[in-house]
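Student: Provided herewith is a single structure, encoded as structure tokens, for subsequent inquiry.
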Amino acid sequence: MFTENEKKYKAILANLLDVAPNDSAVLTKVDNKYNFDLFKLFGQNVCNEIYYKSNFEVDIIEEKLSVAADQIAQCTQADEVIEILNRFDIEHENKIKGLKRDFISTKARIIEELQKQFQKQSVKWKMFLTKAKEVNEQSNTWPIHIGFMFVKVKIEDKAVYGPLFLKEVNLVIENARPKLQSAGDIKPNEKLLFLLTNANFDFDTNFDISELSIDEVVKRVRGVWSKIYTNIPKPTSIFNNYLSEEIVNESVEFCPGMVLGLFQPSGGYIRNRMMQIIKNNELNSIFTSDFRKAIHSKRIDDYLFDERKSLFKITPTNYSQDKAIASSLLQNTLIWGPPGTGKSQTIVNLLANILVYKKTALVCSQKKAALDVILKRLGSLRIFCLPILYSRANANKKAFYKPLQQYIDFLEYFNEENKLKRLSIINKGEKDFVDKIGELKQNPRFDSVARILSRIKPYFEKLTFEAWNLLFQLPDILVYPEIVKFESLKDAQKWMFKNNKVQWSFFSQKRRKVSQTTEKIFNIFNNTGLNVSELTQIVSELEPDDFNLIKNMLEITNIKQNELISDENELKKYIATYIIERMENLTQQEKEQYTEFSSTIRTAKLEPYKFINYFTSLIKKMFPIVIITPEVDMSSSEKNEFDYAILDESSQIFVEKGLPVVYLAKTKVLAGDQEQMKPSNWFGIRVNDDETVYGMTESLLDFGQAVKIHNILLNKNYRSNHAALMTFSSKHFYNSDLDVIDSGLVESNSKPIEVIEANGVWENNQNLIETEIALNLTKYSLNTYEKIILLCFNSKQQEYLTKTIFEKYPELEIAMKNETLLLRNIENIQGDEADLVIAMVGYDKNATIHSTYVGRPGGKNALNVAISRAKDKMIVVKSLKSEDVKITTENENLYAFKKWLEFLELNDEQRKDFLNISKKRKLNSDSESQIEESELFIEIENYLHQISDGMNWISIHKHQTLGTINVDFLIKQNGQNAFVIIVDNFDYSGSYDKYLQFNDLCKFIEAKKYDLFKVSKLNWHELSSKIKEKIYSFTEIRTTNEIFEQDNESQTTINKIEEKNIITSVEQYENNLRHNTENYDILEGEEENFVEENNNTDLFYDKGSMIQEQIDEELDKFTNEMNEAKLTNSIEKSLFRENSTQQTQLNDNAQKDNFFTSETQISQSYDSTQVEISEDNQTDEYSLTAEKNAMNNVFDK
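First residue of the sequence shown? That's 1 in UniProt numbering, and the numbers climb one at a time after it.
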């Protein structure tokens, strides 16, 4: 069958030709589960309506059940009953003995069972429809068809018995009554025709039959094929089942019957395209790769680190996603996306860039659901995409044409200007910072300048070098204006004289010096907006030579933050503008064709596939993005016609199906995960060989790895809110390179994984006890979780589960219909996620696990997918322990399953901290050695302990593990996460890549809902006050009982604290006053020196007058503060009593304790001292006495 040139590709060709016993399209068998004999099941009347009408809607009631029950009621012998059961194809093997042993009672039970089945037959059709939807989600083909004109033949030892033609139909269930509807086309069975024509049978189907009835098709075919095939029977009779070994004829025989079933007939195009590629000897040229692989990474760095280049985004990204987008734009790329790492987001942002850069792309996935996600996340940009994704028969046209109608209306009436902004990954300011910070921090003055940098920053831009030098010449004993804004020099001098208590004297040198100083200040600072008073305090900590260092540090720290995403509306307008320009340049012939094109869209009558075939050239001009599945007919496109081919979930696309897609594009992008599901071979066994890479690889992703295209790992999991939900996968499947951390919002006592030991029995591919437990858990969780997945490890268990729900759990059936509940097994769960996943393992210790899906090749991949779907919680119901799984051979799939069971047997903390500590990453270091604590780290640690001293509800955790990442400090309030501190020691200096990685990890922590302080020496002074403010805002949360247990002790304690604090306050006041007096003594000495230097003229100040006024001011201030403290005391007592009353009514609900909240400023020179307020009147009297004593001490002083 193969030519010499084709023999080396025999594995691909054999897989394209493969026929398996369970493929209904090529070997049909009625099983009354997924394939039904219409004539036998529904009778002549229903069959006639389906046969003679092109469009129909018929009730499909299984009359045979009712008829059989009536006929059996008339029977008097067991053989008569058995004959009726055989005639109506009703299962009866377990009833034969009963009929012969006790005819009367067995006959009655059979009649009752048939009547029950007749009344509850909607369950069967619900199961059938559920299976059809699963197939549609997995393959993007609607599988429910009526097959007719069956042919039977043996081709090269393979039995073929399938329908030549298929009519697409839809099944609806209304009020428990199933109905069959069709307005769809009749189409040839491509898969069967491909087999027949390759065996050199002559079947000409090149005539239009799409809108005909089945009767009209049969008549047309009989006429066209009359000279070759003369024995074509009418389909309206009973279908005959044949076993494979019964089909021995090597010439085609036509058989009667119409079968309603699940058929997947497509595939003719993809086979023909592959044959074309092989015959043209183009297979090896589809993928090309550079010999020097290092150039791949360099291309990406050159692109990302060039601030003139842009990456446009419609959803936020992380650094690994940015790398993947850049690489995909530049070269063939494999995007390795583990569960929940934002693979779809990456593809969406890649498509946004393709659109902006006026390129084209073909987007493909085996699963329609994955493509639906991409379309949804494209938002308003999806209008530029043509999705060739058909759903079911009656919805095709409406779903297909509606977005096209919106698109042409948008373009035809578009009249807007666009203002597109560029978006770089790293801007020039950031690059300057990374380049220079390393050198600057080596300066011995760096730490001193860093401490005041945030304070001087607001003024430095207006601060000239001359003004800078003047600040160092100003006497620090003078009072200076905050803002120098005077009408004249004279006004400025008056202000200085008055505020510095300089009295007039004709020969006063001090007055002259103040006057001269004021003149300099006026000439340099007037109307500049500079705060001279604050600046003199700032420069007291600096040196004159610090000017250039400050300038350089401010230049590199004045970084403009990049916008996270582009304006989607501006992108849309920009793309629309160039597409409209393209349409305005159409030829006259194309313009005439557009008239027909637009009217066809608006009338929405033409079948979608015909529309695409008729208007191919216009579609290529108007739609930069085309979205398909591998089987979609792309015959109108040629090699390298698209700029990009993007294949999502490429680990699930067989290599022979994926290659014809990427053949059509210049640059190939494969997205997927080698640790997730392998391709699903629904119909048969694959052929492999060891002679070529095409025979040794299974999926397109495997092929991409084999030819070594550049790959990028998306390394951050955003899906799971608990690290424990992903730590097993991260360790066993991703070498702990996948970052996963707890959400900052999770409760400390939450249980993300719950294990229920059911002790059930695995029998007949079912575990009834686990099913009951899981269904009840689901029922009671419906109102708690927005979305739930009910997961089985076996498809038979899923079938039983589905049937049970339809029979006994109406609320769960409603949830399934609303898609808030999904039923899945580990073979078809990829691409789904939910807040809660309830998994039933099913197997017990007696099950042969190695022969189950999880124990066979690909089982570990399915396990990885299954256990990584939950966002908030996973409940595992099982009847199997890890010790029950015996591994006697090197079975990596069974080994992974056993290890997962061991993981489930760990406690909560062990699951959370499952990863090896040596694998956990530190934000500031690539090293896995002991973490070194910098001076800044130690300073921050000491500061945190200082400001939280006595606050036992605040806990400080350093080098804290958050899943796979270590952070410097995690501060908790009452055991719950409060905020995170990351110490930035500028370890990334000189490396843009390390800088972006550091910022990326910080953004990841913030994305997981943590409050984050990124502290460096440059901002520590500024952030320290914010951290202090945040910690002081936290209060202890205690129950009412805890509060009132302390109530008896609190009065005494508070009184003692208040007495101590008031005495301390008075002492501090006296010390402060003494300190000020010492300053005045220093002032007096300076005045004397000044007088001596200036010929002993009048003193610079009137010292005695100034001291007296200062004492008066301090005394007034202290008196006011004491009065404020008394007022606060009164308010606090009232609030406490009101709060106590409320707490009694709240039954131990956690309330905030307001015992110690007031702060009183005692002195300008001292930090605030917290004054604890007592609630009793005795303390008030004591406070008044203390105040009087304090006053007397002041007067004595």
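All residues carry an ideal CB built from backbone N, CA and C; glycine is no exception.
Pick helix, strand or coil for Thr315, following the three-state DSSP scheme.
Tutor: Here residue 315 corresponds to residue number 315 of the sequence shown, with the count starting at 1. Correct three-state label for Thr315: coil.
Student: My assumption, with CB atoms under 8 Å, is that Glu624 sits in contact with Gln652. Please give the rounded CB distance.
Tutor: Position 624 of the sequence shown, counted from the start, is the residue given in the question as residue 624. Position 652 of the sequence shown, counted from the start, is the residue given in the question as residue 652. The amino acid occupying residue 624 in the given sequence is Pro; Glu does not appear at that position. Rounded, the Cβ-Cβ distance is 26 Å, inconsistent with contact.
Student: Put Trp336 into one of helix, strand or coil per three-state DSSP.
Tutor: Residue numbering aside, residue 336 sits at position 336 when the sequence shown is read from its first letter. Strand at Trp336.
Student: Count the other C-beta atoms from every protein chain shown that fall within 10 angstroms of the C-beta of Trp125, then say buried if there are 16 or more, exposed otherwise.
Tutor: As a position in the sequence shown, residue 125 is number 125, starting the count at 1. Buried, because 16 or more other Cβ atoms sit within 10 Å of the Cβ of Trp125.
Student: Can you give, in chain order, each stretch of the beta strand (DSSP E) that sits fully within the segment 605 to 664 and has at least 3 residues?
Tutor: 625 to 628 and 642 to 648
Student: Enumerated in chain order, which unbroken segments of the beta strand (DSSP E) with a length of 3 residues or greater are wholly contained in the segment 341 to 418?
Tutor: 361 to 365 and 385 to 387
Student: Within the same chain, show all residues whose beta-carbon is closer than 6 Å to that of Tyr242, passing over the 5 residues directly before and after it, in chain order.
Tutor: As a working note, residue 242 is residue 242 in the sequence shown. Closer than 6 Å at the Cβ level, and outside the excluded window around Tyr242, lie Tyr161.
Student: Would the beta-carbon of Val539 fall within 8 Å of that of Phe460?
Tutor: Position 539 of the sequence shown, counted from the start, is the residue given in the question as residue 539. Position 460 of the sequence shown, counted from the start, is the residue given in the question as residue 460. Taking 8 Å as the Cβ cut-off, Val539 and Phe460 do not qualify as a contacting pair.
Student: Hey, Lys881 and Leu894: beta-carbon distance below 8 Å or not?
Tutor: Position 881 of the sequence shown, counted from the first residue, corresponds to residue 881. Position 894 of the sequence shown, counted from the first residue, corresponds to residue 894. Against a cut-off of 8 Å, the Cβ pair of Leu894 and Lys881 comes out as no contact.
Student: Look at the alpha carbon of Ser635 and the alpha carbon of Arg273, and state the distance between them as a whole number of angstroms.
Tutor: Translated into the one-based positions of the sequence shown, residue 635 becomes position 635. Translated into the one-based positions of the sequence shown, residue 273 becomes position 273. Cα to Cα, Ser635 sits roughly 8 Å from Arg273.
Student: Count the other CB atoms, across all protein chains shown, that sit within 10 Å of the CB of Asp31; report buried if there are 16 or more and exposed otherwise.
Tutor: The count along the sequence shown starts at 1 and reaches residue 31 at position 31. Counting Cβ neighbours within 10 Å, Asp31 comes out exposed, since fewer than 16 surround it.
Student: Could you tell me which residues DSSP pairs with His710 in its beta bridges?
Tutor: For this step, residue 710 is matched to residue 710 along the sequence shown. According to DSSP, which records beta bridges pairwise, His710 is partnered with Thr333.
Student: Can you name, in chain order, every residue of its own chain whose Cβ lies under 7 Å from the Cβ of Val661, other than the five neighbours on each side?
Tutor: Taking the first residue of the sequence shown as position 1, residue 661 is located at position 661. Excluding sequence neighbours, Val661 sits near Leu362, Cys364, Pro630, Ala645 and Leu647.
Student: In the DSSP assignment, find the unbroken beta strand (DSSP E) run with Met496 in it and report its ends.
Tutor: What you label residue 496 is simply residue 496 of the sequence shown in a count that begins at 1. Run containing Met496: none in the beta strand (DSSP E); it sits in the alpha helix (DSSP H), Leu489 to Asn499.
Student: Can you grab the Cα-Cα spacing for the pair Val252 / Glu216, in whole Å?
Tutor: In the sequence shown, the residue the question calls residue 252 occupies position 252. In the sequence shown, the residue the question calls residue 216 occupies position 216. In a straight line, the C-alpha of Val252 is about 22 Å away from that of Glu216.
Student: Indicate the three-state DSSP secondary structure (helix, strand or coil) for Gln973 in the structure shown.
Tutor: For the purposes of this step, residue 973 is taken as the residue at position 973 of the sequence shown. Strand.
Student: Considering just the uninterrupted stretch of the beta strand (DSSP E) at Cys792, what are its terminal residues?
Tutor: To locate residue 792, count along the sequence shown from 1; it is residue 792. Element bounds for Cys792: Ile788 to Cys792.
Student: I need the DSSP call for Lys485, collapsed to helix, strand or coil.
Tutor: Taking the first residue of the sequence shown as position 1, residue 485 is located at position 485. Coil, per DSSP.
Student: Apart from the five residues on each side of it in sequence, which residues of its chain come closer than 7 Å, Cβ to Cβ, to Gln766?
Tutor: Working through the sequence shown from its first residue, we reach residue 766 at position 766. Closer than 7 Å at Cβ, skipping near neighbours: Lys796, Gln797 and Tyr800.
Student: Out of Ile60, Lys359, Thr341 and Arg308, state which residue places its alpha-carbon closest to the alpha-carbon of Met622.
Tutor: As a first step, residue 622 must be located in the sequence shown, where it is residue number 622. Of the candidates Ile60, Lys359, Thr341 and Arg308, the one whose C-alpha sits nearest the C-alpha of Met622 is Lys359.
Student: I'd like to check one pair, Leu1023 with Phe1013: are the Cβ atoms closer than 8 Å?
Tutor: Along the sequence shown, one-based indexing puts residue 1013 at 1013. Along the sequence shown, one-based indexing puts residue 1023 at 1023. Against a cut-off of 8 Å, the Cβ pair of Leu1023 and Phe1013 comes out as a contact.
Student: Lys1030 to Leu996, Cα distance in whole Å?
Tutor: Start at 1 with the first residue of the sequence shown, and residue 1030 comes out as number 1030. Start at 1 with the first residue of the sequence shown, and residue 996 comes out as number 996. Using only the alpha carbons, I get a separation of about 28 Å.
Student: Using a Cβ distance threshold of 8 Å, determine whether the segment 90 to 110 contacts the segment 132 to 152, with at least three qualifying pairs required.
Tutor: Short answer: they don't touch.
Student: Taking only the alpha-carbon atoms, compute the straight-line gap between Thr852 and Ala723 and give it to the nearest angstrom.
Tutor: For the purposes of this step, residue 852 is taken as residue 852 along the sequence shown, with counting starting at 1. For the purposes of this step, residue 723 is taken as residue 723 along the sequence shown, with counting starting at 1. Whole-angstrom Cα-Cα distance: 29 Å.
Student: Taking its Cβ as the centre, do 16 or more other Cβ atoms sit within 10 Å of Ala176, making it buried, or is it exposed?
Tutor: By 1-based counting over the sequence shown, the position of residue 176 is 176. Exposed.
Student: Starting from Glu253 and walking both ways along the beta strand (DSSP E), at which residues does that stretch end?
Tutor: To locate residue 253, count along the sequence shown from 1; it is residue 253. Looking at the DSSP string, the run of the beta strand (DSSP E) that includes Glu253 is Glu253 to Leu262.
Student: Tell me the DSSP secondary structure of Glu754 in three-state form.
Tutor: Numbered from 1 along the sequence shown, position 754 holds the residue referred to as residue 754. Strand at Glu754.
Student: Could you tell me the distance, in whole angstroms, from the CA atom of Tyr357 to the CA atom of Lys421?
Tutor: Sequence index remark: in the sequence shown, residue 357 carries index 357 (1-based). Sequence index remark: in the sequence shown, residue 421 carries index 421 (1-based). Rounded to the nearest angstrom, the two C-alpha atoms are 13 Å apart.
Student: Should Phe903 and Val885 be called a contact, given that it needs their Cβ atoms to be closer than 8 Å?
Tutor: As a position in the sequence shown, residue 903 is number 903, starting the count at 1. As a position in the sequence shown, residue 885 is number 885, starting the count at 1. It is not a contact, given that the beta carbons lie outside the stated cut-off.
Student: Does the Cβ-Cβ distance between Met816 and Val877 come in under 8 Å?
Tutor: Residue 816 sits at position 816 when you count from the first residue of the sequence shown. Residue 877 sits at position 877 when you count from the first residue of the sequence shown. Not closer than 8 Å, so no.
Student: What are the start and end residues of the alpha helix (DSSP H) that includes Gly223?
Tutor: Mapped onto the sequence shown, residue 223 falls at position 223. It spans Ile214 to Val224 - the alpha helix (DSSP H) in which Gly223 sits, taken as one unbroken run.
Student: So the candidates are Asp643, Glu282 and Gln674; which of them puts its Cα closest to the Cα of Ile668?
Tutor: By one-based count along the sequence shown, residue 668 stands at place 668. The question names Ile, but residue 668 in the sequence shown is Lys. Ranking the options by Cα distance to Lys668, first place goes to Asp643.
Student: By a C-beta neighbour count over all protein chains shown, 10 Å radius and 16 as the cutoff for buried, is His732 buried or exposed?
Tutor: Reading the sequence shown from its first residue, position 732 is the one you call residue 732. Counting Cβ neighbours within 10 Å, His732 comes out buried, since at least 16 surround it.
Student: Between the segment 167 to 176 and the segment 287 to 300, can you find at least three pairs of beta-carbon atoms closer than 8 Å?
Tutor: no
Student: Within a Cβ cutoff of 6 Å, which residues of the same chain sit near Phe88, ignoring the five residues on either side of it in sequence?
Tutor: Locating residue 88 in the sequence shown gives position 88, counting from the first residue. Only Lys64 and Ala68 meet the Cβ criterion.
Student: Please list, in chain order, all residues of the same chain as Ile1131 whose beta carbon is under 6 Å from its beta carbon, the five residues on each side excluded.
Tutor: Counted from its first residue, the sequence shown places residue 1131 at position 1131. Model confidence at Ile1131 stands at a pLDDT of 43, short of 50, so the residue's coordinates are unreliable and nothing is read from them.
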